[in-house]
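What follows is a set of notes on a single structure, which appears directly below.
Number of protein chains: 2
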Amino acid sequence: MAYSEFDIIKNFLATSDLSFSRGGVELGIGDDAAIIKPPLDQNLVVSLDVLASGVHFPSDAEPDVIARRALGVNLSDLAAMAADPLCFTLGLTIPEINENWIQQFADGLSTVARKFNCPLVGGDLSSGPLQIAIQVHGLVPEGQATLRSGAQIGDSILVTGTLGDAAVALLGLGYQSHLDSNLELLGWADPQPLFERYFSPSPRVEFAIGCRGLVNAAIDISDGLLSDLSHILRASGFGAEIEEVTLPFSTTAQACLSEKMLLQACLNGGDDYELCLVVSQDLKDRVFQAAKKFDLPLTEVGIIKDVDGVRLKARDGTMVAVKSDGYIHF
Amino acid sequence: MAYSEFDIIKNFLATSDLSFSRGGVELGIGDDAAIIKPPLDQNLVVSLDVLASGVHFPSDAEPDVIARRALGVNLSDLAAMAADPLCFTLGLTIPEINENWIQQFADGLSTVARKFNCPLVGGDLSSGPLQIAIQVHGLVPEGQATLRSGAQIGDSILVTGTLGDAAVALLGLGYQSHLDSNLELLGWADPQPLFERYFSPSPRVEFAIGCRGLVNAAIDISDGLLSDLSHILRASGFGAEIEEVTLPFSTTAQACLSEKMLLQACLNGGDDYELCLVVSQDLKDRVFQAAKKFDLPLTEVGIIKDVDGVRLKARDGTMVAVKSDGYIHF
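Going down the list, the sequences are from chains S and L.
Here our numbering is used: the first residue of the first sequence is 4, the next is one more, and so on.
Here our numbering is used: the first residue of the second sequence is 4, the next is one more, and so on.
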């Protein structure tokens, strides 16, 4: 059977698993556009990310992995703004119709969409090199979105989860790192427990919403702690001091990389989709309480200072200026 | 100079020409997400379209043409919903950085963005095969969006402008038509006056807003009158009768194609981005008045009937059932 784009949308995407109804969405998939009605006193937060085959995911990745990753990294942007996921649109270009591929892709999307109560409401499907454009829409009470620009001198810098895991996973999966070409796994450790950290990022949405009103600035760590923290610093007009000894690593990552390479993976590896939060001293305890409530590791790694860029206090106590070497997308 | 994605965004996209401020946009380009605050009693209408090189535009097209076309076809979806353009996001993947290309692309976007007061508020830029994903956001007073599903028996079917022009332009530009392979230009006519009709569609936004509350159903003609009208018919549960003799053609299109091929181009050619409106008899005059106000040709081409699909009353008076052969995107 020859499928038209309309058949595919009807059979695989406009399904109750994926384009389910949800308050705030007046009209979903199937017309020229979707209609959203944000509740009173709520702002709408929107973010669009594109994932290209061979650039943002390995070209031989499984369709459900691509889908989970694509929606996950977009939802991570909503978490950075402390927004509650509302719905998403999808622009999918695929080289050819493969019913099985589409079904698995839709299943992957549905898993994440259901988890975050964030239905598909529209988009576009056509022929072309494999790319996934997703725009997520979230709600946040007026004035409560967390921006990059609110960091103050003396604020603590906190990060969720562990860092560098996705870089280890990529190496373990056999893909070349964009980092130091010397970055390689120690032979005797098994990186497999970290594969899901790359395949299926966990956007820290619940925690971010739980911290509304407590955080001065936030960003999600997509390009490495250094690159992403630098966005906060530039937007806020300050610098930062980070302590190497405090940086949170998983035991698997620690087993897989030398100490020096682990630091590289954390600072510049990217793809972790954890949150970097900047919090004033008097509210820090409450942010840690929120993390505990959601059973999410949270670590203080540094402080906002009136310096240029980022300084790292190394394990031996020396202070070094570090230059961002986060992933540049060209 | 090696440009990073952040340099390009800062220098070419986050400019006052393109990401200008506008009421309803609380936060534009530069954070993890943009923030939109729809005015009270307005709904937000969103539509995402992807244009892939070699599929939706010729791979050798000029960057400003690609940009104008990409934003134009998206705004046409807002016109179909009678929504007022608010802002847009852009997901651009390009194979390599070319400063000159980006500047021209940004200029093309800016021309359309300024015309419709619809600034760029965010998005994503990265390496990959040339594709442009654009999501447009529009405002419409609660309950006044025009859907596909409201057509009633006895309603008139109206179309704006002239049809088939873009198909003629594509042939004139030397690109193969997806239509009947016999579709070819008559040798002695010059299709050049129609090239802009393909390159730079004119979304019928002002007219659509002027007709709010007067129209039972609407769609923009992107895949050909037959295919797009069929979406309305399926959504509304009726059929339609079209009169060939009433179909509006430009003099250039009439000079360039035989009568038979002209009908093909109109019914199945697509890319015209005119509006197809379904209007009850008692409101028809007011819709024609609105068209006159905006100096927009408007033509009655048929009527909604309780029949299956679309019947065409040919020039010789015979009635034929026509099958949709609109562009299928695979």
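Every residue gets a Cβ at the ideal spot worked out from N, C-alpha and C, and that includes glycine.
- THR114 (chain S) carries a helical assignment under DSSP once its states are collapsed to helix, strand and coil.
- Fewer than three Cβ pairs drawn from the region 132-142 of chain L and the region 215-226 of chain L lie within less than 8 Å of each other, which leaves the two stretches out of contact.
- With its beta carbon less than 8 Å from one in chain S, ASN46 (chain L) belongs to the interface.
- In chain order, ARG318 place their CB closer than 6 Å to the CB of VAL248 (chain L), counting only its own chain and leaving out the 5 sequence neighbours on each side.
- Look at PRO144 (chain L) here: in three-state DSSP terms it is strand.
- The C-beta distance from VAL218 (chain L) to ALA36 (chain S) rounds to 15 Å, too long to meet the 8 Å contact threshold.
- The criterion of a C-beta distance shorter than 8 Å is satisfied by ALA83 (chain L) and ALA221 (chain L).
- Residue pairing by DSSP places LYS308 (chain S) opposite S:GLY242 in a beta bridge.
- Beta-bridge annotation (DSSP): PHE60 (chain L) is paired with L:SER56.
- Boundaries around THR92 (chain L) are those of the beta strand (DSSP E), 87-97, since no alpha helix (DSSP H) includes it.
- Uninterrupted alpha helix (DSSP H) stretches at least 4 residues long and entirely within the region 163-214 of chain S occur at 168-175, 198-202, 208-213, given in chain order.
- When the alpha-carbon of CYS90 (chain S) is set against those of S:ILE100, S:PHE119, S:GLN107, the nearest one is in S:PHE119.
- Close to chain L, meaning a Cβ-Cβ distance shorter than 9 Å, are the following residues of the region 70-81 of chain S: SER79, ASP80, LEU81.
- Taking 8 Å as the cut-off, the beta carbon of LEU188 (chain L) is found closer than this to the beta carbon of PRO194 (chain L).
- Judged by beta-carbon spacing, LEU186 (chain S) lies within the 8 Å limit of LEU174 (chain S), meaning their Cβ atoms are closer than that value.
- Using a CB distance cut-off of 8 Å, ARG151 (chain L) counts as an interface residue toward chain S.
- Within the region 87-100 of chain L, contact with chain S at the beta-carbon level (separation under 7 Å) is assigned to THR92, GLY94, THR96, ILE100.
- Listed as beta-bridge partners of LEU43 (chain L) by DSSP are no residues whatsoever.
- For the C-beta of ASP52 (chain L), the chain S residues within less than 8 Å are, from N- to C-terminus, GLY94, ASP127.
- Pairing CYS259 (chain L) with ASP110 (chain L), the inter-Cα distance amounts to about 32 Å.
- Interface residue (Cβ-Cβ distance to chain S less than 8 Å): ASP223 (chain L) is classified as such.
- Within the region 226-304 of chain S, the beta strand (DSSP E) runs of at least 3 residues that lie entirely inside it are, in chain order, 242-246, 278-282.
- LEU133 (chain S) carries a coil assignment under DSSP once its states are collapsed to helix, strand and coil.
- For ALA154 (chain S), there is no enclosing alpha helix (DSSP H), as DSSP marks it with neither H nor E.
- In the DSSP assignment, GLU65 (chain L) falls outside any alpha helix (DSSP H) and carries neither an H nor an E.
- Check the Cα spacing between PRO41 (chain S) and each of S:TYR178, S:GLY26, S:PHE9: the tightest is with S:GLY26.
- Beta-bridge partners assigned by DSSP to GLY125 (chain S): S:THR92.
- Under DSSP, ARG25 (chain S) takes part in no beta bridge, so it has no partner.
- Residue environment analysis places SER129 (chain L) among the buried positions, since at least 16 neighbouring C-beta atoms fall within 10 angstroms of its C-beta.
- With respect to the 8 Å criterion, VAL313 (chain L) and ILE235 (chain L) are not classified as neighbours on the basis of their beta carbons.
- Under the Cβ distance rule, LYS40 (chain L) counts among the residues neighbouring chain S, one pair being separated by less than 8 Å.
- Within the region 26-40 of chain L, those residues whose Cβ lies closer than 9 Å to any Cβ of chain S are, in chain order, GLU29, LEU30, GLY33, ASP34, ASP35, ALA36, ALA37, ILE38, ILE39, LYS40.
- Assignment of ASP223 (chain L) by DSSP, reduced to helix, strand and coil, places it in the strand class.
- Counted as a single uninterrupted DSSP element, the alpha helix (DSSP H) harbouring PHE9 (chain L) occupies residues 8-11.
- By the 16-neighbour rule on beta-carbons within 10 angstroms, ASP275 (chain L) is buried.
- Between the region 274-291 of chain S and the region 157-166 of chain S, the count of Cβ pairs shorter than 8 Å is three or higher; the stretches touch.
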